[in-house]
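The structure appears below as structure tokens.
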Amino acid sequence: MLRRRRKRRPTELRDVTRWGRLCAAADVEGLLRELRGAAGDEDAAYDRAAALKALAAAPPRLWLLLDRAARAQEGAPPAPGDSEPLRLLLAAMDRDGRTRQAAVEELAVHSGPLVASALALRTADWVDQVRDPALEALLRRTAPDEAAAAVRLLLRLRGRSRAVHTPEAYRGVLAAPEARRAVRALAADADPLTRRFGVELALQLGEFVRGDLVRTALRDPDQVCRRLCAERLLQMDPDQAGRLLWARSAAVRELAVAALPDDVPAARLTAPLADPARIVRAQARWRLYSRGEPPALAYRRQLLRCGPQSPPRLVAGLVTGLGECGDASDGPLLLRVAREVRAPWPPVVRRAAVRAAGRLVPREGLLRQLAPLAVDPDPGVAREAFEALSKVAGQVPVETVWVGRTRPEPGVRKAAERVRRAAQRQAQAGHRPR
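full-length UniProt numbering puts the first residue of the sequence shown at 1, with every later residue one more than the last.
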């Protein structure tokens, strides 16, 4: 039987993969030894190029760890004037200050993101003759790729006393008109800290138009960036609040609810009142409170309008909100929803109703009202029932707790076990001598 011969990858591709694995590993000292070995091998040009490519894609923390490890390992410094890129980067991390100084002087006449990263590291150097030239050289590098590489490291170094003012100094350079492309690149960087830095700077310089603000507020993966752009957008155009009500970020939705006009109809607040996020529901209730309308009344009114065709998430949100601002008189309504096993209430609604009833039903009625739900077929309903019964754990029948502890669902078993332990503590406290 003939075997298919596996195609071998090109040497350069194998080298890139190897260095990528080394950068991803936790053995920083081993990586440094490999880097020094490649730098000392005159015939390893492909290997050095692959190592530089892997370092350019490495996370900022790896650079900080490499810099620390280089001071702990003995290594032969490169010859003076050696401008081979990998050797120059290693020289910039050498434990000898004179070697680092010579490397910074050589780096000052080169460009590129790797050079910017090395210079950014040395802006926190403990030797003035290294730190000052590195900062001077770094402030001249405002190309988009260089700025991104520098900012990623400067933001991680700002906790050090020698580099506390460096990010602000670099921010001042990036504020110049000729560096606006770099600001845009920073605002779109994959690193969250760098992207926040870029978004803040872009907002400060007025680089974002309305479309940029809307797109960032609705779609940016970082919550801080979303909130910053939502705040600026609502300052510019409060009418955009309705559009931001459907943002995926709860913080943005909260800002949108707060920016709605004072006379917004209560019906328009239905979605915020039933929002999955507590902060959004609280903001919507405050809008009603501030104009003298009881939020509980709005919740009851909307729940009575719900039927089989209502979205389950909306009904569950209304039930949850009523549990947060209602009173004991809402217990029967919530229990009626919780006990309805058939249509129209799906499990997500019933779970929310049990949770809300556990907050509003008086303690003397908890056992009578919620004990039957502790053996409900739906595990979420049973779990919420046990959580509510933990307030009166000493009154829960042993048989009910035993049924919960023997169910196959882990969440129900854990909740029932908490009820059992709470009952034991209450019993011990009752028999403790005074």
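A virtual CB, placed ideally from N, CA and C, is assigned to each residue, including glycine.
### Task
Under the assumption that residue 299 contacts residue 326 (Cβ atoms under 8 Å), give the Cβ distance between them as a whole number of angstroms.
7 Å
### Query
Taking Cβ to Cβ, would you say residue 148 is nearer than 8 Å to residue 189?
Going by C-beta atoms, residue 148 is nearer than 8 Å to residue 189.
### Task
Look at the Cβ atom of residue 315, then the Cβ atom of residue 338, and state whether they are nearer than 8 Å.
no
### Query
Among the residues of its own chain, which have a CB less than 7 Å from the CB of residue 363, if the five just before and after it don't count?
The residues 391 and 392, in chain order, have a CB closer than 7 Å to that of residue 363 in the same chain once the five nearest residues on each side in sequence are set aside.
### Task
Would you mind sorting residue 136 into buried or exposed? The rule is 16 or more other CB atoms within 10 Å of its CB.
Exposed is the call here.
### Task
Verify whether the separation of the beta carbon atoms of residue 312 and residue 346 is less than 8 Å.
yes
### Query
Under a Cβ-count criterion, where at least 16 other Cβ atoms within 10 Å of its own Cβ denotes burial, should residue 297 be classed as buried or exposed?
exposed
### Length of the line joining the Cα atoms of residue 115 and residue 221
29 Å
### Own chain, CB closer than 7 Å to residue 377, minus 5 neighbours either side, in chain order
There are no such residues.
### Task
If I'm right that residue 233 touches residue 210 with Cβ under 8 Å, what's the distance once you round it to whole angstroms?
7 Å
### Task
Any chance you could list the alpha helix (DSSP H) runs of at least 4 consecutive residues sitting entirely within the segment 114–147, in chain order?
128–138
### Message
Quick check on this structure: which residue in 99, 145 and 153 has the alpha carbon closest to the alpha carbon of residue 119?
### Response
When only C-alpha atoms are compared, the closest one is 153.
### Query
Nearest-angstrom Cα distance between residue 183 and residue 171?
9 Å
### Query
Hey, quick one: how far does the alpha helix (DSSP H) through residue 320 stretch, first residue to last?
312–325
### Contacting residues, own chain, Cβ-Cβ under 7 Å from residue 374 (five flanking each side not counted)
The answer, listed in chain order, is 382, 385, 386, 389, 400 and 404.
### Message
With H, G and I counted as helix, E and B as strand and the rest as coil, what does DSSP make of residue 44?
### Response
coil
### Task
Below 8 Å on the Cβ atoms is my guess for residue 394 versus residue 426; work out the distance and round it to an integer in Å.
4 Å
#### Entry: C-beta atoms of residue 150 and residue 138 nearer than 8 Å
yes
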